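Remarks on the structure that follows.
There are 4 protein chains.
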Amino acid sequence: MNTPMEKKKDSPPPIYWIADYLTPSDIYYHAVHEIIAYRKTRYQEMLIVNCGTLGKGLILDGVWQSSSGDDFIYHEPLVHPACVNHGGPETVLVLGGGEGATLREVLKWKTVKRVVMVDIDEEVVSACREHLPEMHQGAFDNPKTTLIIKDAVKYLEETKGEWDVIISDLTDPIEHGPSFKLFTKEYFEKCRAALKPGGFFLLQAGPVSLPSMKMHVRLVSTLKAIFKYAHSYNIHVPCLGHPWGFILAGDRPIDTLPEVSRVNKLLADKTSGEFRMFDGTTLLGLMQNPKHIRDAIEKETYVYTLESPPIFSTQEIPK
Amino acid sequence: MNTPMEKKKDSPPPIYWIADYLTPSDIYYHAVHEIIAYRKTRYQEMLIVNCGTLGKGLILDGVWQSSSGDDFIYHEPLVHPACVNHGGPETVLVLGGGEGATLREVLKWKTVKRVVMVDIDEEVVSACREHLPEMHQGAFDNPKTTLIIKDAVKYLEETKGEWDVIISDLTDPIEHGPSFKLFTKEYFEKCRAALKPGGFFLLQAGPVSLPSMKMHVRLVSTLKAIFKYAHSYNIHVPCLGHPWGFILAGDRPIDTLPEVSRVNKLLADKTSGEFRMFDGTTLLGLMQNPKHIRDAIEKETYVYTLESPPIFSTQEIPK
Amino acid sequence: MNTPMEKKKDSPPPIYWIADYLTPSDIYYHAVHEIIAYRKTRYQEMLIVNCGTLGKGLILDGVWQSSSGDDFIYHEPLVHPACVNHGGPETVLVLGGGEGATLREVLKWKTVKRVVMVDIDEEVVSACREHLPEMHQGAFDNPKTTLIIKDAVKYLEETKGEWDVIISDLTDPIEHGPSFKLFTKEYFEKCRAALKPGGFFLLQAGPVSLPSMKMHVRLVSTLKAIFKYAHSYNIHVPCLGHPWGFILAGDRPIDTLPEVSRVNKLLADKTSGEFRMFDGTTLLGLMQNPKHIRDAIEKETYVYTLESPPIFSTQEIPK
Amino acid sequence: MNTPMEKKKDSPPPIYWIADYLTPSDIYYHAVHEIIAYRKTRYQEMLIVNCGTLGKGLILDGVWQSSSGDDFIYHEPLVHPACVNHGGPETVLVLGGGEGATLREVLKWKTVKRVVMVDIDEEVVSACREHLPEMHQGAFDNPKTTLIIKDAVKYLEETKGEWDVIISDLTDPIEHGPSFKLFTKEYFEKCRAALKPGGFFLLQAGPVSLPSMKMHVRLVSTLKAIFKYAHSYNIHVPCLGHPWGFILAGDRPIDTLPEVSRVNKLLADKTSGEFRMFDGTTLLGLMQNPKHIRDAIEKETYVYTLESPPIFSTQEIPK
């Protein structure tokens, strides 16, 4: 119908882009092929988008949270190391975790009788329920699930000695964001008090890339001020641009040299559903941090408090 | 409160960017400092944003429409050359023109008794009314204004010989967009029939930059197939990345060598309000196209029809 | 030979990009399809590249100078308005002008007996001679041409009352760049002294886009402090991202309302070769600045001196 | 000296950028703060740049090779797992490895009597020697080092049963690049023949990120067709944008559950100099691939040959 010179290209290039400043000199641009949902909620700005290769993405206050295409690489290591160390959790508390994928992983444990998810932002949770079924896979409707819309700090004031595992899956502590004060000693003390004896606390704990691992390292130091044991691990999540860090903490020793066959047997006995990235071998690998990260953790003594909370920002590479 | 190493930068760099592919090798990225409004309407996807230096921007289907900071450079040349050539328009029809800035300029003519704006997309118009007061400046509430939500083609079927000036201020003809068929001979014939004898038609007519002026040149050729006279002019609008083209058409001669003092006197007599970029000298300059654009227009014979409408896309630089 | 899943895309996307910060929120990225030449000379860093749609580009100290695809839109208005106002220049001095395209345009005037080009950077000139034949088209080898490698200021100290037309086609005054002090009253005084009585001076004078026209406006004000007449004009050059400004100055009146047919006759009589964008109509259009630019020029009184030279940088949009 | 409005910003934003298309929708832009060296050699295009946070970067044919700021995260795992598995290498052959950092790591083994580096591109090697002393740290001048400028395939034809460890540290197999045919069965057979009995072969083996690990997985499959054992591991290298893959292969079993203390003792006894990221714990972690990568490797049967070599390109995420 049109002359050849005017023919439309098969796939026009993306128009919207979201920049993630890995460092001031290294920028990761995510294409947005389609805006699926946009909300300015009471607490934050939310976008759910089609981001192409990696599927659908959730962005809060401009920060990429997760993508449906690689979310298993984030959510399996977020949930299962704590559960394996516990051995058979019955009660699990998820703080944050808007997409419902953390719930999804928790519910793989047949031992779980009750999982409570506490998120401050009802609009984000309901948008994720509607637009990200790949991620929650019905977890919100599971009879073991209770969803509570509330400030995590307020909820923690009401619950003591009740949880086998607590997973703090909050947005990064950007200024004016809703999670600003939830990466501090005071908050972690409340989490510890909410655990049953022998329970484990798991923190999503920011990037662990060479140029930007200071916050992670300080969070390890902060958790060590509260718990007898705290162990850092990380894995590269493509949509996040960095290896992402987690910290497992508790007053019982953490098994950092787990026997592979024992873990695989525990998973076979006590979980159902498929794991894509997690098993005994994966756990053994996760528990071993490279030397430069262990060295950085060892040297750090800073403790984040309400008086001096972290501010998530790009830092310079250490000399 | 925080250690110096962690202090937040005074102005964090923009996270959202909108790409305008001037050519496949030349990309203009617009920063989005804040999303002010987002709508997926029945017809198109709309964003109103804070774009920094250039103020607020309106984006439809990913295409930048205008910015509050430089809209006068687009809207004054869109409206006044037609009105000056007419001499004292009483009835003006605006097709499209969602922001209300075209209305704003029309209403500067004290001769105008009635201006009708016909736009297909009520949601876009109402969002502009709410969020872009800098642009409409109350024009929607002027008693001379009538706003009609309707398909421009349908409206044109009901109005004959009624208008001194018709301004077609539509979105570019991207495929699946609402304006796809409104850049054709058939549409322009309807516009001509709606004019009073001696009336003028003005078309927003796409970029006129060396690598992307083919559609503009073909629109001149198409209008020349309908009207006795058609004259192309353009001006660089910063937020649009290119010089932007307009075509003034009618069955009366167009004054392409206007006497500066005569135009200034006409404006002094028949308009009120301030002009920022337009006056007699400006009009004289606008009417003179550089030689390479005149040459391209002269050679072109293609006529856009419903059978072979334009598709707005980036073209290669002519040899 | 390879499986379909592994086939290489027909045209891989560009890897190198050069950013032009039109404003802090508006960035023009130029693709570099191939690096043709790279030099770190005594004075500046030079790149000659294949930039795709716009042909070959010359970049000095990171600032785009010109592209072979659209250089005529820059170089014809740089040279011919001064020559037309003079009427028949015999001696022309070009200060800067590394690509040789300014020479090329000057040599279209059959009246010219001698054109001297003074450029400080031999390495840049010789790279342009070798790699940009599209631009100089042999102008360096014309018997009327003399190329002198020298600091323009030093050359100006040796030449008095000698030139019908002087064209200052220097790089922008970025700090530490070679042209930093050549946009000042002191320099323009030397240029004036080098002109014959009745001669004209032409300055390439920076962007004239709404958010970044302050330097241009101040250059007009500075030239008015030296010459009886100074007239600003501009045209959008695609590869430069902005409309680009020129200032024509002299002690004879400048014809700002040139009669089109008279100019065309002058060109027919006194020039040879083809013009792509320039003729009488183009000149008439160029001479008419839009009102907002004239207003800004009228208000400005700042004079650049060696004590307070310009610094080329992006400025905020005026309120 | 200048008015405040014109003051230069403290650190102007970077002008040159190098794009790494992690996927078609995910682009990593590296800022180039300064071009330190540029060469178009007989084999490839080379850039050495100051890339800001990550130090100095080497780029060959537009592909980022390494950065001085994080090169230890690439070069320590490239060299030491093979050497630890060998136990005390005396002769080491490095194929490629232009920066000299692979040599640097090999020379940490006190057991090494002779290390030969074979690189095809003398100009790249000499530019790295001159401009990247942070990376080679004098390794080229070590009396144990022999540098041979030659095609790796030709060199392999002359050396049989001679090496304890061979490290293939070549550029990715982009079309027309110099390494196109060095990721094939035929090449790996030559490497195997050059090893002493009990020797180990180590291949730098491309990205292992979810959307782009197909080439890596096929390289494992190809090496398994030649060697009795082949083990894949990877680590995230910030400047490379992805976790980067390595494959250790040999005819002796590879210890995938190394005892940490035994490794640390071996390193203490047989190496000198500091390790930044490598030790026994790091090695134990490296040897454990996450389940989804092991699964992908297990399913793969494709073998790269000269008839069907790999083409390095971005692939779609697997369903």
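Residue numbers (the numbering used here), protein chains in the order written: chain A, 251 to 569; chain B, 251 to 569; chain C, 251 to 569; chain D, 251 to 569. From the three backbone atoms N, C-alpha and C, an ideal C-beta is built for every residue, glycine too. Remember, predicted model here, so these are calculated numbers, not experimental data.
| Check | Outcome |
| --- | --- |
| Per-residue DSSP class, three states only, for A/F525 | coil |
| Cβ pair count under 8 angstroms reaching 3, the stretch 276-293 of chain C against the stretch 351-367 of chain C | no |
| Cβ contact check for the stretch 299-319 of chain A and the stretch 302-314 of chain D: 3 or more pairs under 8 angstroms | no |
| Contact set for D/G347: own chain, Cβ-Cβ below 6 angstroms, skip 5 residues either direction | M367, D419 |
| Neighbour flag for D/G312 against chain C, beta carbons, 8 angstroms | yes |
| Chain C within 8 angstroms of B/C441, Cβ atoms only | no |
| Cα-Cα separation between C/P383 and C/A389, rounded to whole angstroms | 9 angstroms |
| Per-residue burial, A/A518 [other beta carbons within 10 Å of its own, 16 or more giving buried] | exposed |
| 7 angstroms Cβ shell around A/A587 - same chain, five flanking residues per side excluded | Residue coverage of chain A in this structure runs from 251 to 569, which leaves residue 587 of chain A outside it and unanswerable. |
| Contact set between D/H283 and chain A, taken where Cβ atoms lie within less than 9 angstroms | S275 |
| Close beta carbons around A/D521, own chain, < 7 angstroms, minus the five adjacent residues each side | With the sequence shown as reference, residue 521 of chain A is identified as Thr, and Asp is not the correct amino acid for it. Once the five neighbours on either side are set aside, the close Cβ partners of A/T521 are K358, W359, K360. |
| Three CB pairs or more closer than 8 angstroms across the stretch 541-553 of chain C and the stretch 461-474 of chain C | yes |
| The alpha helix (DSSP H) enclosing D/K515, as first and last residue numbers | 510-520 |
| CB contact check: D/W267 to chain C, cutoff 8 angstroms | yes |
| Identity of the residue in C/Q454, C/I485, C/I416, C/A377 nearest B/V458 by Cα | C/I485 |
| Residue from C/G319, C/V510, C/P327, C/N514 whose Cα sits closest to the Cα of B/M537 | C/V510 |
| Identity of the residues DSSP links to B/Q454 by a beta bridge | B/F496 |
| CB contact check: A/G535 to chain D, cutoff 8 angstroms | yes |
| Under the three-state DSSP convention, the category A/F433 falls into | coil |
| Proximal residues, the stretch 449-466 of chain C versus chain B, C-beta separation under 8 angstroms | S459, L460, P461 |
| Residues that A/Y437 contacts on chain B, provided the C-beta gap is smaller than 9 angstroms | Going along chain B, no residue has its Cβ under 9 angstroms from A/Y437, so there is no contact; the nearest lies around 17 angstroms. |
| Exposed unless 16 or more other CB atoms sit within 10 angstroms - verdict on A/R292 | exposed |
| Coil, strand or helix - C/K258 by DSSP | Caution applies to C/K258, whose pLDDT of 39 falls short of 50 and renders its modelled position unreliable; the value that the coordinates give is listed next. Residue state, collapsed to three classes: coil. |
| CB-CB length for D/I298 against D/A377, believed under 8 angstroms | 6 angstroms |
| Pairwise C-alpha distance: B/P560 and B/T506 | 27 angstroms |
| C-alpha distance - A/G523 paired with A/Q387, whole-angstrom precision | 12 angstroms |
| C/L528 at chain B interface by Cβ criterion, 8 angstroms | It should be pointed out that residue 528 of chain C corresponds to Phe in this sequence rather than to Leu. Yes, C/F528 lies at the interface with chain B (some Cβ there is under 8 angstroms from its Cβ). |
| Where the alpha helix (DSSP H) containing A/G535 begins and where it ends | 530-536 |
| Cα-Cα separation, C/Q565 to B/L534 | Because C/Q565 sits at a pLDDT of 40, beneath the cut-off of 50, its placement in the model cannot be relied upon, and the following sentence gives the value as read from the coordinates. So the alpha carbons of these two residues sit roughly 29 angstroms apart. |
| Endpoints, alpha helix (DSSP H) assigned at D/L406 | 402-407 |
| Under the three-state DSSP convention, the category B/T303 falls into | helix |
| DSSP beta-bridge partners of C/S558 | DSSP output for C/S558 lists no bridge partner at all. |
| Nearest candidate by alpha-carbon position, reference A/G411, set A/K440, A/L397, A/K431, A/K400 | A/K440 |
| Element boundaries [beta strand (DSSP E), containing C/D369] | 364-369 |
| Partners in chain B for A/Y278, counting only beta-carbon separations shorter than 8 angstroms | Residues of chain B passing the Cβ test: none, with the nearest at roughly 11 angstroms. |
| B/P423 versus B/V344: straight-line alpha-carbon distance, rounded | 17 angstroms |
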